[in-house]
Amino acid sequence: KIFSLLCLTMFIWLFSYGLMETSTNYEQALFFARLGHSGVLFVPTVYLHFTRYLLKLPRLASLYCLWYVLDVAALYLMFSTGLFIPTIIQQPWGFYPMGGICMVIEAMLVSTVAMVCWVLFVTTCRKARLTESFHEYNRLKYCCIALTVFSLGALDYLPKFGIRYYALGFATNAFFVSLITYAILVH
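So for the sequence shown, our numbering puts the first residue at -10; every next one is plus one.
The following block contains the structure:
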(Lines of atoms letter the chains of each structure in order from A and count residues from 1; the text may use other names and numbers.)
(Lines give C-alpha, C1' and ligand atoms only; values in the text may rest on other atoms or scores of the structure.)
Protein backbone atom coordinates (compact mmCIF):
# COMPACT_ATOMS: atom_id res chain seq x y z
CA LYS A 1 0.00 0.00 0.00
CA ILE A 2 2.73 2.45 0.94
CA PHE A 3 4.74 1.75 -2.20
CA SER A 4 1.57 2.34 -4.24
CA LEU A 5 1.10 5.67 -2.48
CA LEU A 6 4.71 6.58 -3.27
CA CYS A 7 4.14 5.71 -6.93
CA LEU A 8 0.96 7.83 -6.92
CA THR A 9 2.82 10.89 -5.60
CA MET A 10 5.46 10.46 -8.30
CA PHE A 11 2.76 10.02 -10.95
CA ILE A 12 1.06 13.28 -9.90
CA TRP A 13 4.44 15.02 -10.03
CA LEU A 14 5.58 13.72 -13.41
CA PHE A 15 2.23 13.70 -15.21
CA SER A 16 1.40 17.25 -14.14
CA TYR A 17 4.90 18.47 -15.01
CA GLY A 18 4.53 16.85 -18.43
CA LEU A 19 1.29 18.78 -18.93
CA MET A 20 2.98 21.95 -17.66
CA GLU A 21 5.92 21.65 -20.05
CA THR A 22 3.60 21.22 -23.02
CA SER A 23 1.12 23.93 -21.98
CA THR A 24 0.53 26.75 -24.42
CA ASN A 25 -0.38 29.49 -21.94
CA TYR A 26 1.01 30.82 -18.68
CA GLU A 27 -2.05 30.33 -16.43
CA GLN A 28 -2.50 26.72 -17.45
CA ALA A 29 1.22 26.00 -17.00
CA LEU A 30 1.23 27.62 -13.54
CA PHE A 31 -1.74 25.49 -12.47
CA PHE A 32 -0.04 22.28 -13.64
CA ALA A 33 3.23 23.37 -11.97
CA ARG A 34 1.44 23.73 -8.64
CA LEU A 35 -0.53 20.53 -9.12
CA GLY A 36 2.64 18.62 -9.96
CA HIS A 37 4.52 20.08 -7.07
CA SER A 38 1.73 18.99 -4.75
CA GLY A 39 2.89 15.46 -5.57
CA VAL A 40 6.50 16.46 -4.92
CA LEU A 41 5.53 17.76 -1.47
CA PHE A 42 4.44 14.31 -0.37
CA VAL A 43 7.32 12.29 -1.87
CA PRO A 44 9.76 12.66 1.07
CA THR A 45 7.05 11.98 3.66
CA VAL A 46 5.74 8.90 1.88
CA TYR A 47 9.32 7.73 1.31
CA LEU A 48 10.05 8.08 5.03
CA HIS A 49 6.85 6.11 5.70
CA PHE A 50 7.97 3.48 3.18
CA THR A 51 11.41 3.28 4.81
CA ARG A 52 9.85 2.82 8.23
CA TYR A 53 7.65 0.01 6.92
CA LEU A 54 10.36 -1.75 4.95
CA LEU A 55 12.97 -1.57 7.72
CA LYS A 56 10.47 -2.19 10.52
CA LEU A 57 11.37 0.97 12.44
CA PRO A 58 8.39 1.90 14.64
CA ARG A 59 10.16 4.93 16.14
CA LEU A 60 9.75 6.85 12.86
CA ALA A 61 5.93 6.71 12.98
CA SER A 62 5.41 9.95 14.89
CA LEU A 63 7.88 11.77 12.63
CA TYR A 64 6.19 10.91 9.35
CA CYS A 65 2.73 11.49 10.85
CA LEU A 66 3.82 15.03 11.72
CA TRP A 67 5.20 15.48 8.20
CA TYR A 68 1.88 14.45 6.65
CA VAL A 69 0.21 17.25 8.63
CA LEU A 70 2.90 19.71 7.52
CA ASP A 71 2.45 18.56 3.91
CA VAL A 72 -1.26 19.36 4.04
CA ALA A 73 -0.46 22.84 5.38
CA ALA A 74 2.16 23.27 2.64
CA LEU A 75 -0.41 22.16 0.07
CA TYR A 76 -2.68 24.97 1.22
CA LEU A 77 0.19 27.47 0.89
CA MET A 78 1.04 26.10 -2.54
CA PHE A 79 -2.33 26.97 -4.03
CA SER A 80 -3.16 30.08 -2.00
CA THR A 81 0.16 31.97 -2.11
CA GLY A 82 3.26 32.34 -4.24
CA LEU A 83 5.57 31.13 -1.47
CA PHE A 84 6.31 27.84 -3.26
CA ILE A 85 5.92 28.71 -6.93
CA PRO A 86 5.61 32.44 -7.47
CA THR A 87 6.00 32.19 -11.25
CA ILE A 88 6.99 29.96 -14.12
CA ILE A 89 9.45 30.69 -16.89
CA GLN A 90 9.91 29.47 -20.41
CA GLN A 91 12.81 27.01 -20.67
CA PRO A 92 14.09 25.45 -23.91
CA TRP A 93 11.98 22.35 -23.15
CA GLY A 94 8.84 24.26 -22.08
CA PHE A 95 7.49 26.01 -19.00
CA TYR A 96 9.15 25.30 -15.67
CA PRO A 97 8.41 26.68 -12.18
CA MET A 98 10.63 29.08 -10.29
CA GLY A 99 11.00 28.29 -6.61
CA GLY A 100 9.91 30.61 -3.82
CA ILE A 101 11.17 30.81 -0.25
CA CYS A 102 9.15 27.79 0.91
CA MET A 103 10.64 25.71 -1.88
CA VAL A 104 14.15 26.48 -0.60
CA ILE A 105 13.14 25.11 2.80
CA GLU A 106 11.46 22.13 1.17
CA ALA A 107 14.58 21.34 -0.89
CA MET A 108 16.64 21.24 2.30
CA LEU A 109 14.08 18.94 3.94
CA VAL A 110 14.04 16.65 0.91
CA SER A 111 17.84 16.39 1.06
CA THR A 112 17.71 15.64 4.79
CA VAL A 113 15.09 12.91 4.39
CA ALA A 114 17.04 11.34 1.53
CA MET A 115 20.24 11.26 3.58
CA VAL A 116 18.53 9.92 6.71
CA CYS A 117 16.74 7.17 4.76
CA TRP A 118 19.93 6.26 2.92
CA VAL A 119 21.87 5.94 6.21
CA LEU A 120 19.05 3.82 7.67
CA PHE A 121 19.10 1.53 4.63
CA VAL A 122 22.90 1.21 4.57
CA THR A 123 23.20 0.42 8.28
CA THR A 124 20.30 -2.04 8.14
CA CYS A 125 21.76 -3.62 4.99
CA ARG A 126 25.16 -4.10 6.67
CA LYS A 127 23.53 -5.73 9.69
CA ALA A 128 21.39 -7.91 7.43
CA ARG A 129 24.46 -9.18 5.60
CA LEU A 130 25.60 -10.76 8.87
CA THR A 131 22.31 -11.74 10.49
CA GLU A 132 19.57 -12.10 7.86
CA SER A 133 18.92 -14.41 4.96
CA PHE A 134 20.55 -13.88 1.59
CA HIS A 135 17.19 -12.78 0.12
CA GLU A 136 16.62 -10.17 2.82
CA TYR A 137 20.14 -8.82 2.38
CA ASN A 138 19.67 -8.59 -1.41
CA ARG A 139 16.30 -6.87 -1.00
CA LEU A 140 17.88 -4.21 1.20
CA LYS A 141 20.89 -3.88 -1.10
CA TYR A 142 18.65 -3.19 -4.10
CA CYS A 143 16.70 -0.66 -2.03
CA CYS A 144 19.98 1.15 -1.20
CA ILE A 145 20.91 1.32 -4.87
CA ALA A 146 17.41 2.46 -5.83
CA LEU A 147 17.42 5.20 -3.19
CA THR A 148 20.84 6.42 -4.31
CA VAL A 149 19.59 6.87 -7.88
CA PHE A 150 16.22 8.23 -6.71
CA SER A 151 18.02 10.90 -4.68
CA LEU A 152 19.49 12.26 -7.90
CA GLY A 153 15.93 13.32 -8.75
CA ALA A 154 16.46 16.16 -6.25
CA LEU A 155 18.58 17.77 -8.96
CA ASP A 156 15.22 18.77 -10.46
CA TYR A 157 15.29 21.65 -7.97
CA LEU A 158 18.21 23.26 -9.84
CA PRO A 159 16.17 24.84 -12.66
CA LYS A 160 13.67 26.07 -10.06
CA PHE A 161 16.44 28.26 -8.64
CA GLY A 162 17.69 29.58 -11.97
CA ILE A 163 20.38 26.98 -12.77
CA ARG A 164 20.05 25.75 -16.34
CA TYR A 165 19.68 22.00 -16.14
CA TYR A 166 17.24 19.70 -17.89
CA ALA A 167 15.20 18.04 -15.15
CA LEU A 168 15.73 14.27 -15.24
CA GLY A 169 13.49 13.25 -12.35
CA PHE A 170 11.42 11.10 -14.70
CA ALA A 171 14.44 8.87 -15.39
CA THR A 172 15.51 8.53 -11.75
CA ASN A 173 11.92 7.78 -10.73
CA ALA A 174 11.53 5.11 -13.42
CA PHE A 175 14.75 3.41 -12.31
CA PHE A 176 13.75 3.66 -8.65
CA VAL A 177 10.29 2.16 -9.17
CA SER A 178 11.68 -0.63 -11.35
CA LEU A 179 14.41 -1.61 -8.90
CA ILE A 180 12.16 -1.43 -5.82
CA THR A 181 9.54 -3.54 -7.60
CA TYR A 182 12.24 -6.08 -8.49
CA ALA A 183 13.49 -6.13 -4.88
CA ILE A 184 9.98 -6.64 -3.51
CA LEU A 185 8.91 -9.32 -6.00
CA VAL A 186 12.13 -11.32 -6.32
CA HIS A 187 13.69 -10.91 -2.90
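We treat Cβ as the ideally placed atom computed from N, Cα and C, and that holds for glycine.
Check whether the stretch 4 to 23 and the stretch 48 to 59 are in contact - that is, three or more C-beta pairs closer than 8 Å. no
Give the DSSP-derived three-state secondary structure of Tyr201 in the structure shown. Here the chain covers residues -10 to 176 and nothing more, so residue 201 does not appear.
Which one or two residues does DSSP pair with Tyr85 in a beta bridge? Stepping through the sequence shown from its first residue, residue 85 is reached at position 96. Beta-bridge pairing links Tyr85 to Ile78.
Please confirm whether Ala117 and Ala143 have their CB atoms less than 8 Å apart. Counted from its first residue, the sequence shown places residue 117 at position 128. Counted from its first residue, the sequence shown places residue 143 at position 154. Result no, Cβ atoms of Ala117 and Ala143 do not sit closer than 8 Å.
Delimiting residues of the alpha helix (DSSP H) encompassing Arg115: Taking the sequence shown and counting its residues from 1, one reaches residue 115 at position 126. It spans 90 to 120 - the alpha helix (DSSP H) in which Arg115 sits, taken as one unbroken run.
Please report the straight-line C-alpha distance between Val166 and Ile90, rounded to a whole angstrom. The residue you call residue 166 lines up with position 177 of the sequence shown. The residue you call residue 90 lines up with position 101 of the sequence shown. Roughly 30 Å between the two C-alpha positions.
Checking 8 Å against the spacing of the C-beta atoms, do Trp82 and Glu10 come in under that value? Residue mapping note: residue 82 aligns to position 93 of the sequence shown, counting from 1. Residue mapping note: residue 10 aligns to position 21 of the sequence shown, counting from 1. Yes, these two residues count as a Cβ contact at 8 Å.
Rounded to whole angstroms, what is the Cα-Cα separation between Gly151 and Thr76? Taking the first residue of the sequence shown as position 1, residue 151 is located at position 162. Taking the first residue of the sequence shown as position 1, residue 76 is located at position 87. Rounded to the nearest angstrom, the two C-alpha atoms are 12 Å apart.
Starting from the Cα of Asn162, find the closest Cα among Phe84, Ile78, Leu3, Phe68 and give me that residue. Mapped onto the sequence shown, residue 162 falls at position 173. Comparing Cα-Cα distances from Asn162 to each of Phe84, Ile78, Leu3, Phe68, the minimum goes to Leu3.
Assuming Thr(-2) contacts Gly28 under a Cβ cut-off of 8 Å, what Cβ separation, rounded to an integer in Å, is found between them? The residue given as residue -2 occupies position 9 in the sequence shown. The residue given as residue 28 occupies position 39 in the sequence shown. Correct: roughly 5 Å between the Cβ atoms.
At 3 residues or longer, what runs of the beta strand (DSSP E) sit wholly inside the stretch 7 to 61? none
Suppose contacts are defined by Cβ-Cβ distances below 8 Å. Is Ala135 in contact with Leu168 by that definition? Walking along the sequence shown from the start, residue 135 turns up at place 146. Walking along the sequence shown from the start, residue 168 turns up at place 179. The answer is yes: Cβ separation under 8 Å.
Over what stretch of residues does the alpha helix (DSSP H) that includes Thr137 continue unbroken? The count along the sequence shown starts at 1 and reaches residue 137 at position 148. Thr137 -> alpha helix (DSSP H) spans 123 to 140.
Separation of Ala172 from Ser69, as counted between CA atoms: Along the sequence shown, one-based indexing puts residue 69 at 80. Along the sequence shown, one-based indexing puts residue 172 at 183. Those two C-alpha atoms are separated by around 40 Å.
Would you report the Cα separation of Leu37 and Arg128, rounded to the nearest angstrom? The residue given as residue 37 occupies position 48 in the sequence shown. The residue given as residue 128 occupies position 139 in the sequence shown. Computed Cα separation, rounded: 17 Å.
Given Tyr154, which residues of its chain have a CB within under 6 Å of its CB, disregarding the five upstream and five downstream residues? Counting from one through the sequence shown, the residue named residue 154 turns up at place 165. Cβ neighbours of Tyr154 beyond the five flanking positions: Leu147, Pro148.
Output the distance between the C-alpha atoms of Met87 and Ile74, rounded to the nearest integer angstrom. The count along the sequence shown starts at 1 and reaches residue 87 at position 98. The count along the sequence shown starts at 1 and reaches residue 74 at position 85. Looking at the two C-alpha atoms, the distance is approximately 6 Å.
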